[in-house]
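Numbering (our numbering), first residue to last: 1 to 467. The beta-carbon is built from N, C-alpha and C at its ideal position, and this holds for glycine as well.
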């Protein structure tokens, strides 16, 4: 047993002083300060001056993802260990079905990668790279038998993961029938391919052209098209992943104003980083920040609009889209051709901190911080109330966060399997102090006490938000 005393519990409704009793793997009780057990066979953790929050739920990671001739550099072992260090106690990764493959075989392959290797609990979404009669039947099977209740489609990457509008509509119709969520990478891939080819023919090969050939208009157009298609599919639940641009956010906000089943996430990189300062870094340095959707211009209002969207709930969740690649030998595959740079940024260790900085800066409330990093992703993807809340009966996934400490991010101190940091030099006015996963202390007093194999696969139900 563990008794967490003297802290300020923060839930989606805000902060309140309370003590938390953990018995086994679950939260057993929440007491008014000093009203819990005074003696007994339990470990007491002093949380004075600290926030006691539910462990983070990162609903968008890509451990070991094959991409661009290589693989994401974090394994389920290294990536979930880094997540634990950063206060994230559950990830939802993406199993992959490519065109022509059997959906269940793709899921089995990802179970094989993760089983016995995770430091924190994990679940899966399913990427559908080939929508046909068999994969549509498999959607029903995964929802009813496998605890997989969300399916990701791509309007980008023709020849790899791309689905045309007809395929998207069929998958949406199936999701409307079985209650699943359709997750959408919303960029107009065929149009982007034209712009990329034209840029390379002009000799524009530097990393910044990755962003310039994926303009805001093509994210906004695809977002709008996805929303209209979901409407044709009787308002199929639709979740736009890694939204980065103001005009795309406008499409989501308009749909939500009409009461539609439309949701969206953004990622820390779009809240802080920019086309000019990162992608436009001298030489090939900008390759470190190549991701899709791309970083947007600091001369436009994207970052301010995304923070506003988080406050207004037009953006429901902050995930990382964690898909790290080392600079040497991986990002360098794109020297002389930006289109060959593996797409991805590593942030799974930093999301809780980076969003807390939004609280410090007056952009989010404490309650909204917890909502966007834990409670809403758990509710969105069928994990609540097992995850995402400190409440009796919930898993004892708990983070003690110290607002008086500081975190300096850099390659020398992070735990992700990367040879650089996308966040080098960033300082956060707060720090993850203690991390507990299902009643087991993983991080305490600056030391790691977890182990691979502790993390378990979690079968998910349907989203709490569907109407």
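Is residue 29 closer than 8 Å to residue 21 when the C-beta atoms are compared? Yes, the pair counts as a contact, with Cβ atoms nearer than the cut-off.
May I have a chain-ordered list of the beta strand (DSSP E) segments no shorter than 3 residues that lie completely inside the segment 150-203? Correct list: 150-154 and 181-185.
May I have the straight-line CA-CA distance separating residue 130 from residue 167, to the nearest angstrom? For residue 130 and residue 167, the distance between alpha carbons rounds to 8 Å.
Coarse secondary structure for residue 66, derived from DSSP in three states: Residue 66: strand per DSSP, three-state reduction.
Is residue 27 helix, strand or coil when you go by DSSP? Residue 27 falls in the strand class under three-state DSSP.
Does the Cβ-Cβ distance between residue 120 and residue 89 come in under 8 Å? If you check the CB distance, residue 120 and residue 89 come in under 8 Å.
Residue 431, buried or exposed, once every other Cβ within 10 Å from all chains shown has been counted against 16: So residue 431 ends up on the buried side.
Counting along the chain, where does the beta strand (DSSP E) carrying residue 208 start and finish? Residue 208: not part of any beta strand (DSSP E); member of the alpha helix (DSSP H) spanning 208-212, first to last residue.
At which residue ranges does the segment 360-410 contain complete beta strand (DSSP E) runs of 3 or more residues, listed in the order of the chain? Fully enclosed beta strand (DSSP E) runs of 3 or longer: 398-402.
Leaving out five residues on either side along the sequence, give the residues of the same chain with a beta carbon under 8 Å from the beta carbon of residue 425. These residues qualify, in order along the chain: 408, 409 and 410.
Would DSSP call residue 529 helix, strand or coil? The question about residue 529 has no answer here: the residues shown for the chain are numbered 1 through 467.
If you run the structure through DSSP and keep just helix, strand and coil, what is residue 440? Residue 440: strand per DSSP, three-state reduction.
Under three-state DSSP, which class holds residue 148? Judged by DSSP in its simplified three-state form, residue 148 adopts coil rather than helix or strand.
By the DSSP assignment, the alpha helix (DSSP H) with residue 308 in it spans what residues? Run containing residue 308: 302-312, per the alpha helix (DSSP H) assignment.
Rounded to whole angstroms, what's the CA-CA distance from residue 285 to residue 338? Just pull it up for me. Whole-angstrom Cα-Cα distance: 12 Å.
Helix, strand or coil at residue 273 [DSSP, three-state]: Of the three classes helix, strand and coil, the one that applies to residue 273 here is coil, per DSSP.
Classify residue 35 as buried or exposed, calling it buried when 16 or more other Cβ atoms lie within 10 Å of its own Cβ. So residue 35 ends up on the exposed side.
Check whether the segment 234-243 and the segment 192-204 touch, using three or more Cβ-Cβ pairs below 8 Å as the test. With a cut-off of 8 Å on Cβ pairs, the segment 234-243 is not in contact with the segment 192-204, counting fewer than three such pairs.
Between residue 375 and residue 12, what straight-line distance do the alpha-carbon atoms span, to the nearest angstrom? Looking at the backbone, the Cα of residue 375 and that of residue 12 are separated by about 7 Å.
Whole-number beta carbon distance between residue 8 and residue 348, since they are thought to touch under 8 Å: Not a contact, Cβ separation roughly 26 Å.
State the start and end residues of the unbroken alpha helix (DSSP H) segment that holds residue 227. Under the DSSP assignment, residue 227 falls in the alpha helix (DSSP H) whose first and last residues are 216-232.
For a quick check, are the C-beta atoms of residue 384 and residue 369 less than 8 Å apart? With contacts defined by Cβ atoms closer than 8 Å, residue 384 and residue 369 do not form a contacting pair.
Counted within 10 angstroms of its Cβ, other Cβ atoms place residue 395 as buried (16 or more) or exposed: The Cβ neighbour count for residue 395, taken over all protein chains shown within 10 Å, is at least 16; the residue is labelled buried.
Proximity below 8 Å, CB of residue 366 to CB of residue 359: Yes, they are a contact pair.
Using only CA atoms, which one of 142, 158 and 162 lies nearest to residue 174? Among 142, 158 and 162, the Cα nearest to that of residue 174 belongs to 142.
Kindly list the residues whose CB is nearer than 6 Å to the CB of residue 43, restricted to its own chain and excluding five residues on each side of it in sequence; keep chain order. Closer than 6 Å at the Cβ level, and outside the excluded window around residue 43, lie 2.
How would you call residue 50, buried or exposed, if buried means at least 16 neighbouring beta carbons within 10 angstroms? It counts as buried.
Near residue 249, what residues of its chain come up, given a Cβ to Cβ distance below 8 Å and the 5 sequence neighbours on each side ignored? When the five nearest sequence neighbours on each side are left out, the beta carbons in the same chain lying within less than 8 Å of the beta carbon of residue 249 are those of 243, 264, 305, 306, 309, 314 and 315, in order along the chain.
Own chain, CB closer than 7 Å to residue 25, minus 5 neighbours either side, in chain order: Around residue 25: 395, 396, 438 and 439.
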